[in-house]
Amino acid sequence: MFELVWQPEEATSMLPTIEWETKARKATKLLLNFKDTTVEVSDRKKSINLGRADDNDVVVKGNLISRIHAKIEMRRGKFVLIDQSTNGTFVQDVLGQEVLVRRDSTELGDEGTIGLGRAEEPGSSLAIYFKTIE
0 MFELVWQPEE ATSMLPTIEW ETKARKATKL LLNFKDTTVE VSDRKKSINL GRADDNDVVV
60 KGNLISRIHA KIEMRRGKFV LIDQSTNGTF VQDVLGQEVL VRRDSTELGD EGTIGLGRAE
120 EPGSSLAIYF KTIE
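Given below as structure tokens:
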């Protein structure tokens with residue numbers, strides 16, 4: 000047999016507040032350009048889908064591209080690419096640094112290109128261009 004003695008604590012805990020978005024740069028919108036189409040992610044439309052299915056916001060046809068390949072979401076003034084595909088998504092910034100995102104997410108930088116299913120060189124007919132605007 001056990002006896003549990005319990006009484007409320009008299010102390011009050013006070014924690015400092017944290018200002019999360021102090022000096023971080025916040026973009027207000029992301030523009031995606033693919034062929035003759037421009038799509039905007041902003042406060043009005045916080046997420047878009049990319050893939051080969053016709054009901055995506057950005058439709059890209061190709062044998063390495065999934066029906067719903069990736070999603071881009073606006074989160075706290077930043078834009079996050081979420082890969083939902085089999086073959087991954089390639090993101091390249093303007094300096095040529097490239098990252099493969101497969102069943103994961105990455106924050107998009109200021110400007111660059113996106114390749115669905117394979118790396119796309121700037122100028123490629125399947126490259127999706129993105130740019131953030133403050």
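In numbering that gives the first Met the number 0, the protein residues as written are 0 to 133.
Glycine included, every Cβ here is placed at the ideal spot set by N, Cα and C.
Please read these numbers as outputs of a predicted model, since none were measured by experiment.
L29 is not a Cβ neighbour of F89, given a cutoff of 7 Å. The Cβ-Cβ distance between L80 and L63 does not fall below 7 Å. Annotation: R101 to F1 spans about 53 Å, alpha carbon to alpha carbon. For the 7 Å CB-CB criterion, V93 and E72 do not form a contact.
Within the same chain, and ignoring the five residues on either side of T27 in sequence, the residues whose Cβ sits closer than 8 Å to its Cβ are S41, D42, G76, I132, E133. When DSSP assignments are scanned along the segment 74-126, the uninterrupted stretches of beta strand (DSSP E) that are 3 or more residues long and fall wholly within it turn out to be 77-82, 88-92, 97-100, 104-106, 110-115. In the three-state reduction of the DSSP assignment, I71 falls in the strand class, which pools E and B.
Burial check for Q91: the Cβ neighbour count within 10 Å reaches 16 or more, so the residue is buried. In the structure shown, the three-state DSSP call for L29 is strand.
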